[in-house]
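Top line first, the protein sequences correspond to chains A and W.
Mapping the first sequence onto the numbering used here, position 55 (from 1) lands on 57, and the numbers just tick up by one.
Mapping the second sequence onto the numbering used here, position 56 (from 1) lands on 58, and the numbers just tick up by one.
Working notes, structure below.
2 protein chains.
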Amino acid sequence: MKAVILTIGNEILKGKTVNTNMAHIGQVLTYAGHEVFRALIVGDNPDEISWGIRTSLESGDIIVTTGGLGPTFDDMTVESISRALGLETEIDQEELEYLKERYIGRGIELTEERLKMVRLPVGSRAIHNPVGAAPGVILKHGGKTIIILPGVPGEMKAILDIALPEIKTAERVYYEETFPLEGIMESSLAPLTERIMKKWNGQVYIKSHPQRSEVDNPSLNVEVSSWGSDLTKAKKIVASVGKEIRESYMDYIGK
Amino acid sequence: MKAVILTIGNEILKGKTVNTNMAHIGQVLTYAGHEVFRALIVGDNPDEISWGIRTSLESGDIIVTTGGLGPTFDDMTVESISRALGLETEIDQEELEYLKERYIGRGIELTEERLKMVRLPVGSRAIHNPVGAAPGVILKHGGKTIIILPGVPGEMKAILDIALPEIKTAERVYYEETFPLEGIMESSLAPLTERIMKKWNGQVYIKSHPQRSEVDNPSLNVEVSSWGSDLTKAKKIVASVGKEIRESYMDYIGK
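The following block contains the structure:
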């Protein structure tokens with residue numbers, strides 16, 4: 003299943019905030035058996051959010067969004083996604099009770115800004131936010147699953163944890179290991195990794211990440227990953243490929 | 003001028019690597035006077051890179067890409083972008099000299115994998131990489147500017163520094179300050195910021211970033227930013243708005 007991550011927030015585009023949310027969601031989706039196919043980042047702008055969800059749905063079976071769920075004027079994710087998909091919104095009665103408890107229970111008024119957080123697309127389901135006020139949302143649409151999460155990292159993570167059983171696939175597992183190699187250039191390793199990948203015929207993916215610059219003092223992290231239906235088998239394949247890389251490396255270094 | 007950032011790399015999608023490159027490029031572009039309008043992340047896949055560059059060109063005047071410039075089989079950014087734009091590629095003779103010095107000069111063979119790094123789109127210009135092997139590329143296409151950077155952060159930053167005079171606009175400046183506020187909920191600040199933004203009529207943008215969860219122990223970072231033609235004026239506006247927010251906050255806290 004292909005997954006697309008849609009991040010919403012001007013602060014990400016301006017580089018004020020590093021998009022650690024996307025990395026977290028990417029990891030969770032990968033280990034849940036999905037191929038994270040693309041990611042999009044758009045600003046706090048209804049047209050852009052609409053573009054983002056429509057474009058995500060073109061290639062993704064699962065879409066996870068983060069950002070734009072709070073009480074301020076520029077939190078407009080749910081409204082924009084609903085409009086893009088032609089869905090009405092309505093107050094979620096169960097979440098309204100939580101909100102009442104949270105605010106009115108402490109003598110704080112339930113203003114329009116606060117109420118907005120529990121106004122969800124018709125046909126969706128709230129995922130209660132155990133940390134903050136705005137709930138997450140699960141929406142099934144045209145055979146696809148859209149999960150809408152807040153942008154505050156602690157809240158995003160907590161809600162994604164709760165939603166995980168809904169997105170976990172039993173059919174596909176992912177396993178990855180990183181093998182550090184000193185004193186070999188990426189351009190020297192390139193033909194070796196290509197040969198090994200061909201030999202394993204699509205069962206492994208090898209990617210080298212240079213840690214320092216080439217030539218003078220090269221250092222690589224070699225990432226070996228495998229998708230499969232069985233974790234034990236995937237681990238074995240990765241270990242075996244790691245050994246092959248290590249041997250090719252020793253041959254190379256010995257030269 | 004609208005800018006779009008295109009990041010290329012499976013490791014970003016899988017969340018193995020946090021996309022700090024995008025944040026750096028976003029900051030540089032913003033302070034160079036551009037509105038970073040969108041960002042896209044695609045995998046190491048020629049079709050996806052082609053999709054990424056075509057989609058970026060739909061909305062961006064300046065496109066900055068990062069990733070996929072090295073010597074391995076999955077470094078295919080330049081080739082894929084060239085193909086998407088219908089451009090032939092050719093060996094850059096000046097960069098070839100650098101490459102010869104770098105490799106042959108140290109007794110290392112100039113393999114096909116290494117040569118690939120200096121095969122650039124016809125009509126483009128290399129930006130020499132002072133740190134690593136693969137040069138960056140500047141390509142003007144249909145009135146737009148495409149800047150192609152490596153993914154290794156040190157190399158990406160060094161090349162972007164060199165390219166900066168090419169993309170800096172004199173007409174537009176950006177200024178931003180962050181004002182921390184303790185003990186006020188985002189949902190309480192929301193109507194105040196909206197009122198102030200309306201009053202300033204598009205000259206400022208205010209965004210609150212909750213640092214902790216609402217209600218129990220709220221803490222906000224309030225970002226105030228301004229675009230303008232004059233840095234002194236932008237700073238004055240931001241300071242003045244910061245003062246207004248502070249005063250509204252003191253009124254609120256006093257209540």
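For glycine and all other residues, C-beta sits at the position ideal for the given N, C-alpha and C.
Quick caveat, the model's predicted, so the values are computed rather than measured.
Inter-residue distance for T180 (chain A) and M199 (chain A) is about 15 Å (C-alpha atoms, whole angstroms). Under DSSP, P182 (chain W) shares a beta bridge with W:N223.
Secondary structure of Y33 (chain W) (DSSP, three-state): helix. Rounded to the nearest angstrom, the gap between the Cα atoms of L71 (chain A) and S242 (chain A) is 45 Å. For the 7 Å CB-CB criterion, S221 (chain A) and L191 (chain A) do not form a contact. Non-local C-beta neighbours of S250 (chain W) in its own chain, meaning closer than 7 Å and more than five positions away in sequence, comprise L194, ordered along the chain. Put simply, the backbone Cα of I64 (chain A) is about 29 Å away from that of E99 (chain A). In this structure, P73 (chain W) lies near E188 (chain A), with their beta-carbon atoms less than 7 Å apart. The alpha-carbon separation between V38 (chain A) and Y177 (chain W) amounts to approximately 35 Å.
Taking the CA atoms as reference points, P123 (chain W) sits about 35 Å from W229 (chain W). Under the DSSP assignment, G138 (chain W) falls outside any alpha helix (DSSP H), being part of the beta strand (DSSP E) whose first and last residues are G138 to H143. DSSP places L122 (chain W) inside the beta strand (DSSP E), whose first and last residues are R121 to P123.
CA-CA distance, M158 (chain W) to A25 (chain W), rounds to 12 Å. Under DSSP, S210 (chain A) takes part in a beta bridge, and its partners are A:V224.
The C-alpha of I10 (chain W) lies about 13 Å from the C-alpha of S58 (chain W). Rounded to the nearest angstrom, the gap between the Cα atoms of L141 (chain A) and I149 (chain A) is 6 Å. Of W:K118, W:V154, W:I83 and W:A34, the smallest CA-CA separation from Q213 (chain A) is found for W:V154. Here A25 (chain A) carries a helix assignment [DSSP, helix/strand/coil]. According to the DSSP secondary-structure assignment, L151 (chain A) is paired through a beta bridge with A:T68. When the five nearest sequence neighbours on each side are left out, the beta carbons in the same chain lying within less than 7 Å of the beta carbon of L112 (chain W) are those of L101, K102, Y105 and I106, in order along the chain.
Note on P152 (chain W): 16 or more other CB atoms within 10 angstroms of its CB, so buried under the neighbour-count rule. Taken atom to atom, the span from the alpha-carbon of G54 (chain W) to that of T147 (chain W) is near 15 Å. In the displayed model, E92 (chain W) falls within a strand according to three-state DSSP.
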